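Residue numbers (full-length UniProt numbering): 1 to 216.
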Amino acid sequence: MRIVLLGSPGAGKGTQASMIAEANHIPHISTGDIFRYNIKNETELGKLAKQYIDKGLLVPDDVTNKIVQDRIQKEDCKNGFLLDGYPRNVYQAEFFDNLLEEKNLKLDFVLNINVDKDILINRLGGRRICPNCGATYHIVTDPPKIEGICDKCGAKLIIRSDDNIDSVLKRLKVYEDETKPLIEYYSKKNILIDIDGNKPVNEVFESIQALMGDNK
Ligand code: AP5
Ligand code: ZN
Numbered sequence: 001m002r003i004v005l006l007g008s009p010g011a012g013k014g015t016q017a018s019m020i021a022e023a024n025h026i027p028h029i030s031t032g033d034i035f036r037y038n039i040k041n042e043t044e045l046g047k048l049a050k051q052y053i054d055k056g057l058l059v060p061d062d063v064t065n066k067i068v069q070d071r072i073q074k075e076d077c078k079n080g081f082l083l084d085g086y087p088r089n090v091y092q093a094e095f096f097d098n099l100l101e102e103k104n105l106k107l108d109f110v111l112n113i114n115v116d117k118d119i120l121i122n123r124l125g126g127r128r129i130c131p132n133c134g135a136t137y138h139i140v141t142d143p144p145k146i147e148g149i150c151d152k153c154g155a156k157l158i159i160r161s162d163d164n165i166d167s168v169l170k171r172l173k174v175y176e177d178e179t180k181p182l183i184e185y186y187s188k189k190n191i192l193i194d195i196d197g198n199k200p201v202n203e204v205f206e207s208i209q210a211l212m213g214d215n216k
């Protein structure tokens, strides 16, 4: 099964992606996670990506397209994958369509998670992440058992470098201008499913699983 997850920053893409990928036995590919991994390890890609990410801007398309092109060739993507945060604009979507066409593959679902703007800002403001294992928490809706400490690995939680208010507002604007047009792009292909992402995590997940089942 090949799935793309669309949604604004803070919509819960990463949270849902982990659950959907696990339930459907497919790898979760997050371009944002790939960039953050490279930033942490101070690679050349990380140094380049950081300049854009901290400002809330998109990393250049050619760089991002190449990463996804290489990643989906890997053995673990043989039976499908879930893309979280890619494609992010029409240019990336067209590149990705060509890539799939060359391989004679098709997308099964594009899940579009909708969340109200005031909720998005609250979610991003309260997000904490584990720099060691990548787990995501929220200080109100999904706090760790011990404040500030990752349940999974015991590392000290941090605030993501692009979760400051200036970057958040910029990311929301980039979403409106560049990513939102993908809703129409995929609607026209009849593979878009709208999801109400305002509800609690488990309810959103259950509705995704049910809607995917109905549209198989
Ligand atoms: P990326 O990592 O993709 O970030 P984003 O799109 O800004 O999305 P977020 O990770 O902020 O939000 P999310 O929807 O995953 O929400 P989450 O599940 O964490 O991209 C980061 C940057 O990398 C970009 O700005 C860009 O620079 C670059 N980049 C990435 N992909 C690129 C591409 N294709 N091209 C170019 N550049 C690219 O949830 C948020 C919070 O809410 C958490 O605290 C969570 O616990 C909580 N929460 C989640 N769901 C719920 C719920 N249902 N109820 C209550 N709380 C919830
Ligand atoms: Zn951890």
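For every residue, glycine included, the Cβ atom is placed at its ideal position computed from N, Cα and C. Here the structure is a predicted model, which means the values were calculated and not measured.
Put simply, of L57, F109 and P181 the residue whose alpha carbon is nearest the alpha carbon of V168 is L57.
Look at I3 here: in three-state DSSP terms it is strand. Under the Cβ criterion (8 angstroms, minimum of three pairs), the region 14-23 does not count as touching the region 58-75. A check of alpha carbon separations from V201 across I53, E44 and H138 identifies H138 as the nearest. Put simply, the residues with a CB less than 6 angstroms from any heavy atom of the ligand ZN are C130, N132, C133, A135, C150, K152, C153 and A155, in chain order. Here P9 is buried: its Cβ has 16 or more other Cβ atoms, across all protein chains shown, within 10 Å. Three or more Cβ pairs closer than 8 angstroms define a contact, and the region 38-56 falls short of that threshold against the region 107-123. Within 7 angstroms of the C-beta of I53 there is at least one heavy atom belonging to the ligand AP5. Under the three-state reduction of DSSP, V110 is assigned to strand.
Beyond the five residues adjoining it in sequence on each side, L83 comes within less than 6 angstroms, by CB distance, of V4 and I29 in the same chain, given in chain order. The nearest non-hydrogen atom of the ligand AP5 is 7 angstroms or more from the C-beta of L211.
Residue side-chain check: L57 places its Cβ nearer than 7 angstroms to a non-hydrogen atom of the ligand AP5. In the three-state scheme derived from DSSP, where H, G and I count as helix and E and B as strand, R88 is classed as coil. With a 10 Å radius around the Cβ and a threshold of 16 neighbouring Cβ atoms, C153 comes out exposed. Put simply, of Q69, K78, N114 and I34 the residue whose alpha carbon is nearest the alpha carbon of T179 is N114. Looking only at N198, L182 and K199, the smallest Cα-Cα distance to L192 is reached by L182.
If you look at I121, you'll find it isn't in any beta strand (DSSP E); it sits in the alpha helix (DSSP H) that goes K117 to G125.
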